[in-house]
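Just so you know, the sequence shown maps onto residues 610 to 912 in my numbering.
All C-beta atoms in this analysis are idealised placements derived from N, C-alpha and C, irrespective of residue type, glycine included.
Here is the structure we will look at.
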Amino acid sequence: MGEIVGAGLLAHVPTIVLPEAERLRLNNGKEITLVTGLNRLREEVFARDDYDTVVVLDSHWATTVEFVVTAQQRRAGLFTSEELPRGMCRMPYDFPGDPELARNIARFADKHGTWITAIDDEYLPIYYATVNLWKYLGEGLPGKRWITIGVCQSGDMEDHLRLGRALADGIAATEGRRVLLIASGALSHTFWPLRELRDHEASDPVHIFTPEARAADNERIAWFAQGRHDEVLRTMPEFWKHKPEARFFHYLMMAGALGEGACTAPGRQYSEYENSIGTGQVHIWFDRPAGGWTAPRSTAQTH
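Here you go:
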């Protein structure tokens with residue numbers, strides 16, 4: 610029986626793959642903690658040998674009539690971003706996939722009243738919400754498999770929770786598989802207008818687009834620290850007012866896999882809460898509690 614052994618809400622902003630000198634120039638001579646946090650997360654979690662596969666829940670990959678999970682034996686190539694080709698240009702990537710797991714996830718679509726297709730086309734595009742995090746957390750670890758699931762732009766909150774339930778069942782059905790989940794995306798996600806955004810490139814949260822969005826982000830960060838996934842889910846209609854990236858579907862898929870409102874896993878913050886031209890960014894990692902993802906709150910201590 611497979612199992613989810615860790616999960617995280619991680620930022621993938623283009624800034625993290627810029628040359629260090631450029632990052633420092635944009636941030637008043639200081640390194641952004643999104644970079645130092647990923648380096649620490651690699652050392653403490655991803656460089657260890659207690660997992661087999663990483664599943665990225667990719668907020669940049671939007672499908673329309675179904676969910677899609679990558680099922681290639683291997684993905685390799687050069688990535689140039691259509692959004693920011695100056696900063697993300699011909700980035701090499703090369704990692705094994707996990708077609709067995711991908712097909713097992715798709716197998717549970719009917720059970721959960723949704724539509725999931727596993728695609729092994731070698732020409733299927735890849736997005737920087739996957740590549741940027743692989744560069745930090747997967748590159749140089751050749752035995753680790755990576756697969757990606759996109760958000761579905763015609764789906765709603767319930768649809769993405771259903772995807773998460775199918776994901777959990779697919780993992781459980783894959784014998785011996787130990788899996789890490791990455792919800793790759795931001796919190797609030799409104800950019801400054803083009804003629805203003807260069808005044809807001811530093812990481813200080815004072816540059817978040819509105820004080821209200823900043824407050825909403827910080828409220829959810831506090832709930833994550835307490836393991837209050839129930840509160841995050843209960844208040845999604847209020848959070849949508851602040852336009853979270855991809856309607857926060859990357860997190861909702863992860864929550865669906867971890868037990869939804871019954872999940873009590875507290876988060877460890879691997880970065881400060883930082884701005885990226887108006888958007889709210891943070892790295893939060895959830896270790897599996899000793900009693901499981903839905904352990905009673907008083908006993909939700911991690912391994």
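Taking G638 as the reference, which of S812, L861, A864, P875 has the closest Cα? Here residue 638 refers to the residue found at position 29 when the sequence shown is read from its first residue. Taking only the C-alpha atoms, the option nearest G638 is S812.
Can you name the residues that DSSP bridges to P853? Counted from its first residue, the sequence shown places residue 853 at position 244. Its beta-bridge partners are S797.
Contact set for H798: own chain, Cβ-Cβ below 7 Å, skip 5 residues either direction: As a first step, residue 798 must be located in the sequence shown, where it is residue number 189. Same-chain partners within the cutoff: K852, P853, E854, T888.
Can you look up L666 in the DSSP assignment and give me helix, strand or coil? Sequence index remark: in the sequence shown, residue 666 carries index 57 (1-based). If DSSP states are grouped into helix, strand and coil, L666 belongs with the strands.
Kindly provide the ranges of any alpha helix (DSSP H) runs that are 4 or more residues long and lie completely inside the region 613 to 672, ordered along the chain. 629 to 635, 642 to 650
Note the first and the last residue of the continuous alpha helix (DSSP H) segment covering Q762. Counted from its first residue, the sequence shown places residue 762 at position 153. Taken as a continuous stretch (DSSP letters only), Q762 belongs to no alpha helix (DSSP H), as it is neither H nor E.
Could you work out which residue in D765, Y660, V626 is closest to E640 when comparing CA atoms only? As a first step, residue 640 must be located in the sequence shown, where it is residue number 31. That would be V626, whose Cα lies nearest to the Cα of E640.
Using only CA atoms, which one of G764, C872, R829, A864 lies nearest to F676? Here residue 676 refers to the residue found at position 67 when the sequence shown is read from its first residue. Per the Cα distances, G764.
Exposure of D658, with buried meaning 16 or more beta-carbon neighbours within 10 Å: As a working note, residue 658 is residue 49 in the sequence shown. Counting Cβ neighbours within 10 Å, D658 comes out exposed, since fewer than 16 surround it.
Candidates G836, W670, M863, of which the one nearest R877 by Cα: Sequence index remark: in the sequence shown, residue 877 carries index 268 (1-based). Residue G836 is the option with its Cα nearest to R877.
Quick check on N915: buried or exposed, where buried means 16 or more other Cβ atoms within 10 Å of its Cβ? Outside the shown range of the chain, which is 610 to 912, sits residue 915, and nothing can be said about it.
Cα-Cα separation, L789 to D703: In the sequence shown, counting from the first residue as 1, residue 789 sits at position 180. In the sequence shown, counting from the first residue as 1, residue 703 sits at position 94. Roughly 19 Å separates the two Cα atoms.
Do A792 and M862 count as a contact pair if the criterion is CB distance below 8 Å? Working through the sequence shown from its first residue, we reach residue 862 at position 253. Working through the sequence shown from its first residue, we reach residue 792 at position 183. Cβ distance < 8 Å, so M862 and A792 count as in contact.
Going by beta carbon distance, what residues of the same chain come within less than 7 Å of A715, once the five residues before and after it are set aside? As a working note, residue 715 is residue 106 in the sequence shown. Closer than 7 Å at Cβ, skipping near neighbours: V678, I725, T726, A727.
Burial state of D808, where buried means 16 or more other Cβ atoms lie within 10 Å: Position 199 of the sequence shown, counted from the start, is the residue given in the question as residue 808. With fewer than 16 other Cβ atoms within 10 Å, it is exposed.
Counting C-beta neighbours from all protein chains within 10 Å, is the total for A822 16 or more, i.e. buried, or is it exposed? Residue numbering aside, residue 822 sits at position 213 when the sequence shown is read from its first letter. A822 should be labelled buried.
Assuming contact is defined by CB atoms lying nearer than 8 Å, are R754 and P705 in contact in what I supplied? Within the sequence shown, numbered from 1, the residue matching residue 754 stands at position 145. Within the sequence shown, numbered from 1, the residue matching residue 705 stands at position 96. Yes. Within cutoff.
Taking the alpha helix (DSSP H) that Q890 belongs to, which residues open and close that run? Counting from 1 along the sequence shown, the entry for residue 890 is found at position 281. Careful: Q890 lies outside any alpha helix (DSSP H), inside the beta strand (DSSP E) at 888 to 890.
Just checking, does the region 659 to 666 make contact with the region 738 to 747 on the three C-beta pairs under 8 Å criterion? yes
Residue(s) in a DSSP beta bridge with F676: Along the sequence shown, one-based indexing puts residue 676 at 67. For F676, which the question treats as bridged, DSSP gives the partners I725.
Does the CB of E631 have a neighbour CB from chain B at under 8 Å? Although the question refers to chain B, the structure presented lacks it and comprises just one protein chain.
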